[in-house]
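FYI, the numbering for the sequence shown is -41 to -1, 1 to 540, going by mature numbering (1 follows the signal peptide of the UniProt record, and there is no 0).
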Amino acid sequence: MPMQSPLFASGRSLRTATPIIRRSRSIAALLAAFLAPAALASAACAPVALDGRSLTLAQVDSVARQGCAITVTGEAMQRAERAYDLLLAYARLDRPVYGLNRGVGLNKDQTIFKGGEISPEVRKLSEQFNRNLLRSHSAAYGAEAPREVTRAAMLIRLNTALFGGSGLQPAVLRQYAEFLNRGITPVMFGEGSVGEADITILPQIGLAMMGEGEAYYRGQRLPAAQALRQAGLEPVQPFGKDALAIVSSNAYGAAVASLAALDAARLLSQADAIASLSLEGLGGNLAPILSAAQAQRPYGGQLRTAEHMTALLQGSSLWKQDARRALQDPLSFRTVSQAHGAARDMLELLQRQLQLQINSSDDNPTVALDARPPDDAQSYELQFYVTDGPVRGAVLPSAGFDPSAWVLPLQSMGVALSQVAQLSAQRTLRLTDTGFTGLARFLSPGNGAIGYGPIQKTVSSLASEIRMLSLPVSTDVQPQAGNIEDVGTNAPAAGRRLASQVDRLTMLLAVELMHAAQAVDLHAAQHPDFRAGTGTGALWRAFRNQVPYMAEDRRNDTDIVLAAGFLTQGRHRPEWAGLAP
C-alpha cells in the first residue's frame, strides 16, 4: 500500500499556543489558536482494514483525524467487483436503470444508451454522462468542509461501496483508497445538501478524482490535477453508474454526525468530571448518586453517570459528615446523573444507528448481489433480477438514501446537550451565590476587584446559543426535481448543529470549570482538612497548571480560551484520573 496519509491534528498543544495568547488581542484569534486544525503531519498508527461490514466510529476518527492509512480486504474488493459485473450484466438486458442507462432527476426517463455489449461508442456516451452529472450536481456553497470531515466522508463512502450495493467500478474504489492513503483531500464546500443523499456536496470528491477542482496535498492547496501528478496518480474516468454512486450517498452527513457524536461522548465524560468538581466547590450532597438511590430508578445511562461521578469523588471530603451541609442542593447539582445519563442513552442509540449507516448500502438503485427471486415472484418482481450468467442478483430502485433512522436521534442528541448545558449554566451561577457556597470572596477577590460577576452574561449567552442549536430542522425542506424529491432530512445541517453545540458546550463547561476550581481553592484555604476526590483532584491540579487562581482581576476572555483549550486537548488525550466512565 502507499505511504500513510497526513495527519490533520485536532488542535495545538497549550504549551505551543500560549505565546499566541500573549501576543493576540482578538478573542477570535485566541479561539482559532486552539480550535483550528494544525499543519499536516505524518501519522503513526495502524492501518484500518475495510471490509464493508465492520468499520467502527473510532476507526472513522483515526483515519479522519489521525491520518491512519486504510487497506481493503480481498473479500470486500472481490464482492465490489462482482457487484460491478452484475450491474453491467443487468444493463445488457436493456432494462432501465436510473443513473446508468437512464438519466437522473427530471431526466429520469431519458435514455443514455441501449442494452447489449458495451461498445466504444456506448462507453463514450456513458463517460460523458458521468462527467456531466458530476459537474452539474456540484452545487454546494458556504465555508470549506473541515479536512477531517472530507476524509471521513471518503472513508465512509468507500466502506459502504465495499458492502456491495453501489456497483462502482474498481478503479474508482482504488482512487478513494489512494486519496486516503496519500493524503489527497479535495477542497469541498460543505453546505447545500437536504439530507436525502448529499448529491450537491459529494460531487466535489468525484471531480477531484477526475483531476478537476482543488485539493490539499502535503499541506498545500493545489489544483486537483497537480495534486494527482505529484502523488503519482492518474485521473479516473467515471463510467456506468459511477457518478450517481459517488453522489447518491449520505457519506458527508454521516461523516459530520459521526465525528460530532464521538466528540459529544468525550465531552459528556468531561461534563461528569466538571459537575463533580462543582459539587465539591458547593460542598454539596452525594446522596443522589449513591447506589441505593440510583437503584430506585435504574436507567442505564443514569447508572453509568452516577458510577463515574462516584469514582471521581473517591477520597473527597464530601464523604465526611458536615453539619453545615444543606439537606437539598439546587436541582442543577442533584439531577446531573439523570440529565447526563439521558444524553448517554440517546448517544448510544445515535452511535448504533450510525454504525449501521457506515456499514451498509444507501445506494439508489441498489445492487443486491447473489439475491434470488422468491419462488412465488410475479413478473413485476422478476424484472429486477439477473438469473443467468456467471454473476447473479438484482438491481432495484431504492429509498435507502433516506437517513431518518439516524437523523432523528441526531436531533434528539442536540436536545440532550441543551439540557446538559442548562445544568452547567445554572451550576456556574449558583457557585457565585454566597448563600449556597458560603464563600464570601468568590464574586470579588477584594481590594476593589470585580471578579467573576460579568462572566455571568457569557454563561447566559452560551446556554442560549446551545439551546437555539437544538431546534429540529429535519422537516424544513422544499420540493425539488419536479416535485419528485419532496421530502428531506437536512442531515448535514443537523450534524453541523451538533458539532457547533459541542464547541459551545466546551466553552460553557470551561467557564464552569473556572468557577469550580475557584470555589475548591477557597474551600481549601478556609478548611485545611479539605480533600478533593481522586479524579476531581487530578482535574483540579491539571487545570491549575494552565489557568491560575484568580487572586485579582484579569482578562476573563483569555482564561476562557485557555480553559476551553484545556478541555479540547483533554478530549483526545485524557490526563485526568477516572476521565472515562
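All C-beta atoms in this analysis are idealised placements derived from N, C-alpha and C, irrespective of residue type, glycine included.
Model, not experiment: these values are computed from the prediction.
Scanning the stretch 156 to 181 from its first residue to its last, the whole alpha helix (DSSP H) runs of 4-plus residues come out as 162 to 169. When C-beta atoms of the stretch 323 to 335 are compared with those of the stretch 343 to 358, three or more pairs fall below 8 Å, so the two segments count as touching. In this structure the stretch 116 to 133 does not touch the stretch 21 to 28; the number of beta carbon pairs closer than 8 Å is below three. Judged by their CB atoms, Asp518 and Met466 are not nearer to each other than the 8 Å cut-off. In this structure, the CA atom of Gln163 is about 53 Å from the CA atom of Ala510. In the assembly as shown, Trp278 is an exposed residue. Its beta-carbon has fewer than 16 other beta-carbons within 10 Å.
In the structure shown, the three-state DSSP call for Pro145 is strand. The beta carbon of Gln310 is closer than 7 Å to those of Leu16, Ala220 in its chain, skipping five residues each way along the sequence. Sequence-distant Cβ neighbours of Pro356 in its own chain, meaning closer than 6 Å and more than five residues away, are Pro324. Here Asp435 is near Asn449, since their CB atoms are less than 8 Å apart.
Three or more beta-carbon pairs separated by less than 8 Å link the stretch 136 to 143 to the stretch 169 to 178, which places the two stretches in contact. Contact between the stretch 113 to 121 and the stretch 234 to 249 is absent: fewer than three C-beta pairs spanning the two stretches fall below 8 Å.
Bridge pairing for Val7: Ile29 [DSSP]. Residue range 352 to 355 is occupied by the beta strand (DSSP E) that includes Val354.
Judged by DSSP in its simplified three-state form, Gly447 adopts coil rather than helix or strand.
Here Met169 is buried. Its C-beta has 16 or more other C-beta atoms within 10 Å. Taking C-beta separations shorter than 6 Å and ignoring five residues to either side along the sequence, the partners of Leu308 in its chain run Pro368, following chain order. Beta bridge pairing from DSSP links Leu328 with Gly352. The stretch 360 to 376 and the stretch 153 to 163 touch, with three or more beta-carbon pairs separated by less than 8 Å. Here Ala230 is not near Met305, since their CB atoms are 8 Å or more apart.
The criterion of a C-beta distance shorter than 8 Å is not satisfied by Leu313 and Ala252. Where Tyr211 is concerned, the enclosing alpha helix (DSSP H) starts and stops at 210 to 241. DSSP places Gly101 inside the beta strand (DSSP E), whose first and last residues are 100 to 103. Pairing Asp44 with Val350 gives a Cβ-Cβ distance under 8 Å.
Taken through DSSP and simplified to helix, strand or coil, Glu137 comes out as helix. Gly172 and Met372 have their C-alpha atoms roughly 35 Å apart. If the five residues before and after Leu93 are omitted, its C-beta is found closer than 6 Å to the C-beta atoms of Pro162, Gly165, Leu166, Ala202, all from its own chain and listed in chain order. A Cβ-Cβ distance of about 15 Å is found for the pair Ala5 and Thr32, leaving them out of contact under the 8 Å criterion.
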